[in-house]
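Working notes for the structure below.
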Amino acid sequence: MTRKFLQTTHLTRRGLLGSGVAATLLGAAGLSLRARAAEPLKVAAIYTVPVEQQWVSRIHVAAAAAMARGDITYSFSENTANTDYPRVMREYAESGIDLMIGEVFAVEQEAREVAADYPNVAFLMGSSFMHDPALPNFAVFDNYIQDASYLTGIIAGAMSKSGNIGMVGGFPIPEVNRLMHAFMAGAREMNPDIRFQVSFIGSWFDPPKAKETAFAMIDNGADMLYAERFGVSDAAKERGVLAIGNVIDTHDDYPETVVTSALWHFEPTLDAAIAKVRAGSFTADNYGIYSFMKHGGCSIVPLRNFEDDVPEAAKKLVAEREAAIKAGTFVVEINDSEPKSTA
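FYI, in our numbering the residues of the sequence shown are 1 to 343.
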């Protein structure tokens, strides 16, 4: 399914989400890209999941802002099968776009081959691999929001009475692993003996499976859940336990369940890319750094309904560590290895 949004488009909820992807095409590589004039950049995005999925939705929000200020026009395809991904990439590249963005975790080699055939198009693709200077128009990004994940872990560790936290993820890839490890490190700040149940459902979007996995963890003693996937917070709500969100803010859907979330802001990544493409200086690079807290790429969601429930010691430590992270005096470890259960 493909949709196109122009600067004058009326933004429905779906339209608002869709427009955000385009801007993401920031940092491919130093290719033969010409400098762009002041007209909006033509951006296209390709997604293997629905646009409502957490990770993709944050890209949409950033792109919507870029479209609203007249920086881009935008088209995107959602629910694109991995087998169709290279073909859709070529179709967009042939259409005369300036930037392409997507998530090539499962089609890495094929995506790079397509980019090599279109040196005048900038590609910024979600990837677990590093950029390759030999392919100057292909840059990579990922959501390095370990800073915010660590802070939410402090709160989770303080709120868990059983000392048993369940963690449900999609796949054990670096993008997910580093956030889980950071969360676990934060929880141990409040309780060094805390235990974790870790499971991966083998899908980016299967809420029923995530929910059933979370139920099993609750049955095994978890009173706090790390909701890396949709469906986990539903299980927490039904069973009366607490949850910590990831990438998006789900407070309005679970006001008495989700204590806080690690929120990804794609805007810094997008704004950097737009500037480089427009200046003709887009080069092969790793745009993951723009997700760090010190660049404004992530934050922790306010406690809202739980403000009076979180222990003061935890809130104090969160404030201290957040200030230190932003100042560069405290660095959250990036651990991309697969996390294991300790419960």
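Just so it is clear, CB atoms sit at the ideal spot from N, CA and C, and this is done for glycine as well.
Own chain partners of residue i with C-beta closer than 8 Å, once the 5 adjacent residues on each side are dropped
i	result
Pro-207	Arg-229, Phe-230, Gly-231, Asp-234
Asn-286	Gly-27, Met-130, His-131, Ala-139, Val-140, Phe-141
Ile-248	Gln-54, Ser-57, Arg-58, Ser-261, Leu-263, Trp-264
Thr-80	Ile-46, Tyr-47, Thr-48, Val-88
Asn-220	Asn-164, Gly-166, Gln-197, Ala-343
Local Cβ density within 10 Å of residue i, reported as buried at 16 or more and exposed below that
i	result
Thr-83	exposed
Gly-328	exposed
Asn-305	exposed
Gly-57	Here residue 57 is Ser; the residue named in the question, Gly, does not match the sequence. The residue is buried, with at least 16 neighbouring Cβ atoms inside 10 Å.
Ser-281	exposed
Gly-70	exposed
Ala-323	exposed
Ser-162	exposed
Arg-90	exposed
Pro-311	exposed
Asn-143	buried
Pro-136	buried
Ala-245	Residue identity check: residue 245 is Gly in the sequence provided, not Ala. The residue is buried, with at least 16 neighbouring Cβ atoms inside 10 Å.
Ala-210	buried
Gly-96	exposed
Ala-222	buried
Ser-291	buried
Ser-203	exposed
Ala-243	buried
Ala-314	buried
Beta carbon proximity, residue i to chain D, threshold 8 Å
i	result
Val-168	Any reference to chain D falls outside this structure, which holds one protein chain only.
Same chain only: Cβ atoms within 7 Å of residue i, ignoring 5 sequence neighbours per side
i	result
Gly-296	His-265, Pro-268
Val-176	Gly-169, Gly-170, Glu-228
Glu-108	Ser-127, Phe-129
Leu-151	Gly-186, Ile-300, Val-318, Arg-321, Glu-322
Gln-146	Arg-178, Leu-179, Ala-182, Val-332, Ile-334
Lys-237	Tyr-254, Thr-257
His-251	Val-258, Val-301, Arg-304
Tyr-118	Ala-93
Phe-352	Outside the shown range of the chain (1 to 343) lies residue 352, about which nothing can therefore be said.
C-beta contact flag for residue i and residue j at 8 Å
i	j	result
Val-61	Ile-101	no
Tyr-92	Glu-110	no
Thr-73	Arg-195	no
Lys-340	Val-198	yes
Ile-274	Ala-66	yes
Arg-278	Leu-99	no
Ala-63	Leu-270	yes
Ala-68	Cys-298	no
Lys-276	Lys-326	no
Tyr-226	Met-190	no
6 Å CB neighbourhood of residue i in its chain, flanking five on each side removed
i	result
Glu-103	Gly-126
Ala-344	Only positions 1 to 343 of the chain appear in this structure, which leaves residue 344 out of reach.
Ile-173	Ser-128
Phe-205	Val-49, Gln-53
At a cut of 8 Å, does the segment 152-167 reach the segment 114-131 through at least three beta carbon pairs? No, they do not touch.
Examine the Cβ distances between the segment 126-144 and the segment 205-224 and report whether three or more of them are shorter than 8 Å. With a cut-off of 8 Å, the segment 205-224 and the segment 126-144 do not count as touching, because too few Cβ pairs lie within range.
Kindly provide the ranges of any beta strand (DSSP E) runs that are 3 or more residues long and lie completely inside the segment 108-185, ordered along the chain. As far as the segment 108-185 is concerned, its whole beta strand (DSSP E) runs of at least 3 residues are 122-126, 138-141, 164-169.
Determine, using beta-carbon pairs with one atom in the segment 332-340 and one in the segment 172-186, whether at least three such pairs fall under 8 Å. The segment 332-340 vs the segment 172-186: in contact.
Whole beta strand (DSSP E) runs in the segment 219-271 with 3 or more residues, listed along the chain? 224-227, 242-247, 258-264, all fully within the segment 219-271.
Alpha helix (DSSP H) runs wholly inside the segment 43-85, at least 4 long, in chain order: Listed in chain order, they are 54-68.
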